[in-house]
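Q: For the sequence shown, the working numbering gives the first residue as 60, with consecutive numbering after it. Structure incoming, see below.
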Amino acid sequence: MNPNAQKAAIHYGWAVVFGGLLTQIVLMVGVQFVPIQLAMIADSLQLNNASAGTIISVFGLFYAGCSFVWGYCTDKFGARIALSLAGLILGIFVIIFGLTANTLTKALVIIAIVGFGAAGVYSAVLPKLIGAWFHPSKRGRAMSLITPGGVLTGAVLGIVLPRLANAYGWQTASVILGCVAIFCTLLVFLIVRNNPAEKGLSPYGVPEGEKMPAAPTQEKGQFGKVLKMKITWHLGLMFIFWQVAFMVGTGFTAKAFVAAGATAVQGGLAVTVYNLCQLVGQQIWGPMSDRLERKSVISIAAVFWAVFTAAFVLLYGSSLNTMYIMVGLMGIGMGMVPVILASFSDYYPTEVRGTGAGTISTLGLVGRFFGPMIAGIVADSVGSLAGAFGFGAACMFIAAAIAFTLPSLKTGLVANYNRAAK
60 MNPNAQKAAI
70 HYGWAVVFGG
80 LLTQIVLMVG
90 VQFVPIQLAM
100 IADSLQLNNA
110 SAGTIISVFG
120 LFYAGCSFVW
130 GYCTDKFGAR
140 IALSLAGLIL
150 GIFVIIFGLT
160 ANTLTKALVI
170 IAIVGFGAAG
180 VYSAVLPKLI
190 GAWFHPSKRG
200 RAMSLITPGG
210 VLTGAVLGIV
220 LPRLANAYGW
230 QTASVILGCV
240 AIFCTLLVFL
250 IVRNNPAEKG
260 LSPYGVPEGE
270 KMPAAPTQEK
280 GQFGKVLKMK
290 ITWHLGLMFI
300 FWQVAFMVGT
310 GFTAKAFVAA
320 GATAVQGGLA
330 VTVYNLCQLV
340 GQQIWGPMSD
350 RLERKSVISI
360 AAVFWAVFTA
370 AFVLLYGSSL
380 NTMYIMVGLM
390 GIGMGMVPVI
400 LASFSDYYPT
410 EVRGTGAGTI
420 STLGLVGRFF
430 GPMIAGIVAD
440 SVGSLAGAFG
450 FGAACMFIAA
460 AIAFTLPSLK
470 TGLVANYNRA
480 AK
């Protein structure tokens, strides 16, 4: 290691964090460019609501379902290559969507490829990258500085993209966004390195005298090994129930406000409050998870979300301000996202960390796909969207309980836990 580099005022790991934040800009371009412009796209392609909704569903299927592919690529080729390739695929096909998506069939094929690219710039890759650059006691803070990029980009796109599409058409607006994604991806390639050794450094935050395990010279993802690990199914089960709650909050907040008598604008404001308060939560739970065990912080934040969601159910239909307060507190609870991503880094050995994170992300597709569907059925059965949030709160309580039973990282039980599954 280069001693002078080690004593640099600013560790290069923070530059990698900035690169990670740029990936969230790329991600949100892929996630939001169709939903925000959906009315214009549907009108242009003469689509009914079912067909328009299918475009979003296909994106979600490939976005969540292809995470394991990118996790494997991360283990085999490194996070830098995986992030760069995924970002380029996303950006190029967003441009192609704007230039050529003039039929439903073309739109579905192209958006599937955009979803495939989006899967490679988030939870399948970032845990391995941050796990390599930061000591476990610093990973929560690092992740909490990356994830706000998505929230802030989403807020900006919600304001800027409709105006851009109105001025130049959704096709041109999509091309512009694709170019933004490619530009950010090129910066990611220039900034990010797979591990500190490439810069002559040790991971940030390593206590004096402690040695971090050396990165393997050849990184190979091993699906068989990951699938045999008990931690995969333990974390995966927690993530499935968490995804149900996440999708309830994401998908039903605006509609719940409108159903309670609010205007569409007021419903949109509720979503903004929910998202902005997640930023606050991320800066609370992320650093906290560097001091307490991450499994405990996930459990605390999950219970926090579930309690205030249950309060939202009980107060549903009361004053608008009260509902806004409950949604804001729910948003703070949902700020646990960086802690969950950091836990993916903690529970897997370096050589399969990408494959492990990607596999868990793919398992989350179960909750992501079926959660909103079941929540909608519950809402219909009780005659109120409050029922959907009650279902989400119940699932989050279950996720909290499962997280609490995860093995301790402080006692070295993880290795024994996984060894028992072989």
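By construction, the Cβ of each residue, glycine as well, lies at the ideal position given by its N, Cα and C atoms.
So which of V441, T418, G449 has the shortest CA-CA distance to G430?
A: Locating residue 430 in the sequence shown gives position 371, where the first residue counts as 1. It is G449 whose Cα lies nearest to the Cα of G430.
Q: With a CB to CB cut of under 7 Å and the five nearest residues on each side skipped, what residues in its chain are close to E278?
A: On the sequence shown, residue 278 is found 219 positions in, with the first residue counted as 1. Residue confidence is low: E278 scores 46 on pLDDT, short of 50, so the model does not pin down where it sits. Its coordinate-derived value is still stated next. These residues qualify, in order along the chain: D134, K135, G137, E410.
Q: Can you tell me whether Y227 is buried or exposed? The criterion is at least 16 other CB atoms within 10 Å of its CB, across all chains shown.
A: As a working note, residue 227 is residue 168 in the sequence shown. With fewer than 16 Cβ atoms within 10 Å of its Cβ, Y227 is classed as exposed.
Q: According to DSSP, what are the bridge partners of Y263?
A: The residue labelled residue 263 in the question sits at position 204 within the sequence shown. F193, per the DSSP bridge assignment.
Q: Taking N334 as part of the alpha helix (DSSP H), name the residues at either end of that continuous run.
A: The count along the sequence shown starts at 1 and reaches residue 334 at position 275. Its alpha helix (DSSP H) spans residues 323-347.
Q: Going by other Cβ atoms of all chains shown within 10 Å of its Cβ, with 16 needed for buried, is V324 buried or exposed?
A: If you number the sequence shown from 1, residue 324 lands on position 265. V324 should be labelled exposed.
Q: Return the CA-CA distance between V168 and L468, expressed in angstroms with no decimal places.
A: In the sequence shown, residue 168 corresponds to position 109, counting from 1. In the sequence shown, residue 468 corresponds to position 409, counting from 1. Going from the Cα of V168 to the Cα of L468 covers about 43 Å.
Q: Going by other Cβ atoms of all chains shown within 10 Å of its Cβ, with 16 needed for buried, is G283 buried or exposed?
A: Locating residue 283 in the sequence shown gives position 224, counting from the first residue. With fewer than 16 Cβ atoms within 10 Å of its Cβ, G283 is classed as exposed.
Q: For the alpha helix (DSSP H) holding I290, just list the boundary residues, first then last.
A: Taking the sequence shown and counting its residues from 1, the one referred to as residue 290 is at position 231. Residues 289-318.
Q: Once DSSP output is grouped into helix, strand and coil, what is the label at A183?
A: Within the sequence shown, residue 183 is the residue found at index 124, counting from 1. Three-state DSSP puts A183 in coil, outside helix and strand.
Q: Let's test the definition: count the other Cβ atoms within 10 Å of the Cβ of M395 and tell me whether it reaches 16, buried, or not, exposed.
A: In the sequence shown, counting from the first residue as 1, residue 395 sits at position 336. It counts as buried.
Q: Tell me the rounded alpha-carbon separation between P207 and L104.
A: Looking up residue 207 in the sequence shown gives position 148. Looking up residue 104 in the sequence shown gives position 45. Their backbone Cα atoms lie some 34 Å apart in a straight line.
Q: Are the segment 302-311 and the segment 372-380 touching by the rule of at least three beta carbon pairs closer than 8 Å?
A: Because the criterion of three Cβ pairs below 8 Å is not met, the segment 302-311 and the segment 372-380 do not touch.
Q: Roughly how many angstroms separate the alpha carbons of W292 and D102, rounded to a whole number?
A: The residue labelled residue 292 in the question sits at position 233 within the sequence shown. The residue labelled residue 102 in the question sits at position 43 within the sequence shown. C-alpha separation (whole angstroms): 43 Å.
Q: Would you mind giving the Cβ-Cβ distance between M389 and G209, rounded to the nearest angstrom? I have them listed as a contact below 8 Å.
A: Counting from 1 along the sequence shown, the entry for residue 389 is found at position 330. Counting from 1 along the sequence shown, the entry for residue 209 is found at position 150. Not confirmed; about 18 Å, so no contact.
Q: Can you tell me which of the three DSSP states L444 falls into?
A: Here residue 444 is taken as the residue at index 385 of the sequence shown, counted from 1. In this structure, L444 counts as coil in the three-state DSSP scheme.
Q: Would the beta-carbon of V85 fall within 8 Å of that of V219?
A: Taking the first residue of the sequence shown as 1, we reach residue 85 at position 26. Taking the first residue of the sequence shown as 1, we reach residue 219 at position 160. Contact: no.
Q: So what does DSSP say about L374, is it helix, strand or coil?
A: To locate residue 374, count along the sequence shown from 1; it is residue 315. It is coil, neither helix nor strand.
Q: Can you check whether the CB of I399 is closer than 8 Å to the CB of I24?
A: As shown, the chain starts at 60 and ends at 481. That puts residue 24 outside it, with no answer to give.
Q: Could you have a look at E410 and say whether DSSP puts it in helix, strand or coil?
A: Locating residue 410 in the sequence shown gives position 351, counting from the first residue. Helix, per DSSP.
Q: Tell me whether A68 sits in a helix, a strand or coil according to DSSP, three-state version.
A: Locating residue 68 in the sequence shown gives position 9, where the first residue counts as 1. Residue state, collapsed to three classes: coil.
Q: Restricting to Cα atoms, I'd like to know which of L328, P346, T368, I189 is closest to R412.
A: If you number the sequence shown from 1, residue 412 lands on position 353. Among L328, P346, T368, I189, the Cα nearest to that of R412 belongs to I189.
Q: So, with DSSP's three-state summary, where would you put L106?
A: The count along the sequence shown starts at 1 and reaches residue 106 at position 47. Coil, per DSSP.
Q: Nearest-angstrom Cα distance between G340 and V362?
A: If you number the sequence shown from 1, residue 340 lands on position 281. If you number the sequence shown from 1, residue 362 lands on position 303. Rounded to whole angstroms, G340 to V362 spans 13 Å at the Cα level.
Q: Please name the residue, chosen from A160, V425, G124, that lies closest to F305 on a Cα-to-Cα basis.
A: Residue mapping note: residue 305 aligns to position 246 of the sequence shown, counting from 1. Of the listed residues, the one whose Cα sits closest to F305 is V425.
Q: Excluding sequence positions up to five away, which residues of its chain have a Cβ less than 8 Å from the Cβ of A240?
A: On the sequence shown, residue 240 is found 181 positions in, with the first residue counted as 1. Excluding positions up to five away in sequence, the list reads I84, V85, V88, G89, G146, L149, G150, V153.
Q: Residues in the same chain with beta-carbon distance under 7 Å from I95, minus the five sequence neighbours each way, listed in chain order, please.
A: Position 36 of the sequence shown holds residue 95. Correct list, in chain order: L216, G217, L220, P221.
Q: Can you tell me whether D439 is buried or exposed, with buried defined as 16 or more other CB within 10 angstroms of its CB?
A: Counted from its first residue, the sequence shown places residue 439 at position 380. Looking at its Cβ environment, which holds fewer than 16 other Cβ atoms inside 10 Å, D439 is exposed.
Q: Exposed or buried, T464, counting other C-beta atoms within 10 Å across all chains shown (16 or more means buried)?
A: Translated into positions along the sequence shown, residue 464 becomes position 405. Classification of T464: exposed, given that the 10 Å Cβ count is below 16.
Q: Tell me whether the beta-carbon of F193 lies closer than 8 Å to the beta-carbon of P262.
A: Translated into positions along the sequence shown, residue 193 becomes position 134. Translated into positions along the sequence shown, residue 262 becomes position 203. Yes. Within cutoff.
Q: What is the DSSP secondary structure of R350, counted as helix, strand or coil?
A: The residue labelled residue 350 in the question sits at position 291 within the sequence shown. Coil, per DSSP.
Q: When the Cα of Y333 is compared with those of I391, E257, F121, M347, which residue comes out closest?
A: Position 274 of the sequence shown, counting from 1, holds the residue named residue 333. When each option's Cα is compared against that of Y333, the closest is I391.
Q: Mind checking whether R427 and G112 have CB atoms under 8 Å apart?
A: Within the sequence shown, residue 427 is the residue found at index 368, counting from 1. Within the sequence shown, residue 112 is the residue found at index 53, counting from 1. Contact: no.
Q: Helix, strand or coil, according to DSSP, for P207 in the structure here?
A: Taking the sequence shown and counting its residues from 1, the one referred to as residue 207 is at position 148. In this structure, P207 counts as helix in the three-state DSSP scheme.
Q: Classify T162 as helix, strand or coil using the three-state DSSP reduction.
A: Walking along the sequence shown from the start, residue 162 turns up at place 103. Here T162 sits in coil by DSSP.
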